[in-house]
């Protein structure tokens with residue numbers, strides 16, 4: 012019996028993630044225009060290409076490509092990329108009224124994909140894109156996100172663009188053998204709660220369906236609890252007292268790192284990256300270029316970062332200012348990681364993930380210490396994944 016091809020709806024949000032490296036915190040409400048003025052480049056198409064290259068260069072695609080049809084909008088929101096990578100007979104284009112990339116456009120495309128009867132919606136973006144699609148689709152069609160935004164708190168995203176390619180490999184092979192075989196799992200749609208002063212707080216928008224691949228998809232971000240707060244406060248005070256004069260300290264985003272800043276008597280947003288020297292802020296909410304310049308001018312430098320609760324991300328989620336180039340300029344021996352013991356207990360296994368836009372020049376350490384109190388550390392494995400858009404090779408530390 013011949014099965015109908017699996018129909019994959021595909022959407023790229025071209026402006027997703029533009030704000031990250033330049034110190035902005037999303038691309039909602041026209042922020043991408045300011046990001047462009049600061050020199051930001053588009054990254055979502057590149058990361059979508061990484062996912063699709065991993066799929067199209069695989070044995071699974073060669074075996075089952077004839078059973079797969081991509082349905083996508085014309086132009087930069089999907090069609091241009093797919094047409095550059097696969098045979099046109101495997102693509103069905105949706106005409107667009109214009110070539111804008113607003114939330115309304117994303118919703119209109121999502122509605123069209125629903126009407127075309129797609130089995131899965133694959134998208135490149137962040138939490139805002141996930142929200143827009145979910146508002147239209149709800150639980151009717153599974154969603155699968157290529158992580159390309161600034162914030163990715165929702166549970167529909169892959170651990171890394173190449174991991175999304177692995178999910179797609181599983182889907183097309185299984186679906187080419189068994190009609191309508193797409194096992195799913197529930198995934199929360201979350202985004203930063205702009206009305207809360209707590210940066211760890213997320214707003215809940217609903218529960219979507221996503222392909223069942225718990226080993227390849229990230230979990231939803233969890234909120235920080237009160238357990239372990241006293242130990243972190245003690246740690247923050249201990250660290251603040253031990254800070255050395257004339258040394259540059261770069262503080263990553265998050266509530267844990269912000270505790271140290273508060274211990275210094277500084278009132279700075281937990282959303283941004285800040286540069287501190289001699290107890291004073293010399294760079295507030297700075298981007299990648301400013302960080303790199305400060306690090307280059309100061310021979311003594313230390314980076315302080317936290318861990319994202321529930322997900323275990325060290326770099327690549329909400330702190331894209333801390334790029335692979337910045338990390339290597341600072342050096343792994345000068346990176347101080349802190350997190351509550353409760354947060355680490357949520358991670359099984361206790362692994363820390365990294366998702367850089369550009370690869371590291373040198374392999375990172377296999378393990379890193381995480382400080383949970385002034386007298387206790389936990390050793391966690393670092394997971395580093397690299398996949399080039401021109402190859403299906405995935406290297407894992």
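In my numbering, the protein residues as written are 12 to 408. Heads up, the beta-carbon is just placed ideally off N, CA and C, and yes, glycines get one too. Please read these numbers as outputs of a predicted model, since none were measured by experiment.
Where does residue 88 sit, in a helix, a strand or coil, going by DSSP?
helix
Inter-stretch contact (C-beta, 8 angstroms, three-pair minimum) for the region 295 to 303 and the region 352 to 365
Segments in contact, no.
Have a look at residue 63 and residue 316 and give me their C-alpha separation to the nearest angstrom.
32 angstroms
Does the Cβ of residue 26 have 16 or more other Cβ atoms within 10 Å, making it buried, or fewer, making it exposed?
buried
Using the Cα positions of residue 282 and residue 74, report the straight-line distance between them to the nearest angstrom.
When only Cα atoms are considered, residue 282 and residue 74 end up about 46 angstroms apart.
Nonlocal neighbours in the same chain, by C-beta distance under 8 angstroms from residue 256, ignoring five residues either side:
289
Excluding the five sequence neighbours on either side, which residues of its own chain have a C-beta within less than 6 angstroms of the C-beta of residue 275, listed in chain order?
If we look at residue 275 and ignore the five residues flanking it on each side, its Cβ neighbours are 251 and 290.
My output table needs one value for residue 394: the three-state DSSP class, helix, strand or coil.
strand
Could you check whether residue 365 and residue 394 sit closer than 9 angstroms to each other, using their CB atoms as the reference points?
Here residue 394 is near residue 365, since their CB atoms are less than 9 angstroms apart.
Given a cut-off of 9 angstroms, decide if residue 130 and residue 17 are closer than it, judged by their beta-carbon atoms.
yes
Alpha helix (DSSP H) segment containing residue 185, residue limits:
172 to 186
Got a sec, what are the start and stop residues for the beta strand (DSSP E) residue 347 sits in?
346 to 349
For a quick check, are the C-beta atoms of residue 84 and residue 120 less than 9 angstroms apart?
yes
With distance defined between alpha-carbon atoms, name the residue in 174, 199, 126 and 284 nearest to residue 11.
With the chain covering 12 to 408 only, the question about residue 11 has no answer from this structure.
Going by beta-carbon coordinates alone, are residue 380 and residue 32 separated by less than 9 angstroms?
no
Less than 9 angstroms between the beta carbons of residue 20 and residue 133, yes or no?
yes
Go ahead and pull the three-state DSSP assignment for residue 367.
coil
Is residue 409 buried or exposed, if buried means 16 or more other CB atoms sit within 10 Å of its CB?
This structure cannot speak to residue 409, because the chain is shown only from 12 to 408.
Run the CB neighbour count on residue 322, radius 10 Å, all protein chains shown included, and call it buried at 16 or more, exposed below.
With at least 16 other beta carbons inside 10 angstroms of its own, residue 322 counts as buried.
Residue 324 versus residue 161 - alpha carbon distance
Here the alpha carbon of residue 324 sits roughly 13 angstroms from the alpha carbon of residue 161.
With 16 as the cutoff for other CB atoms within 10 Å, does residue 186 come out buried or exposed?
buried
8 angstroms Cβ shell around residue 390 - same chain, five flanking residues per side excluded:
378, 379, 380 and 381
Identify every residue that forms a DSSP beta bridge with residue 294.
286
Apart from the five residues on each side of it in sequence, which residues of its chain come closer than 7 angstroms, Cβ to Cβ, to residue 97?
67
According to the Cβ coordinates, are residue 231 and residue 213 closer than 9 angstroms?
yes
Residues bridged to residue 260 (per DSSP)
DSSP, once it has assigned bridges, lists 287 and 313 as partnering residue 260.
Quick check on residue 311: buried or exposed, where buried means 16 or more other Cβ atoms within 10 Å of its Cβ?
exposed
Would you mind listing the alpha helix (DSSP H) stretches within the region 89 to 142 that are 4+ residues and don't spill past its ends, in chain order?
Fully enclosed alpha helix (DSSP H) runs of 4 or longer: 90 to 94 and 114 to 126.
Which of the three DSSP states is assigned to residue 157 in this structure?
strand
Quick one: what's got a C-beta closer than 7 angstroms to residue 246's C-beta in the same chain, skipping five residues either side?
349, 382, 384 and 385
In angstroms with no decimal places, state the Cα-to-Cα distance between residue 157 and residue 90.
Distance between residue 157 and residue 90, taken at the CA atoms: about 16 angstroms.
So, does the region 191 to 200 touch the region 358 to 373, judging by three or more C-beta pairs under 8 angstroms?
no
Please report the straight-line C-alpha distance between residue 294 and residue 287, rounded to a whole angstrom.
7 angstroms
Can you pull the DSSP bridge partners for residue 382?
349 and 388
Straight-line CA distance for residue 265 to residue 125?
37 angstroms
Burial state of residue 115, where buried means 16 or more other Cβ atoms lie within 10 Å
exposed
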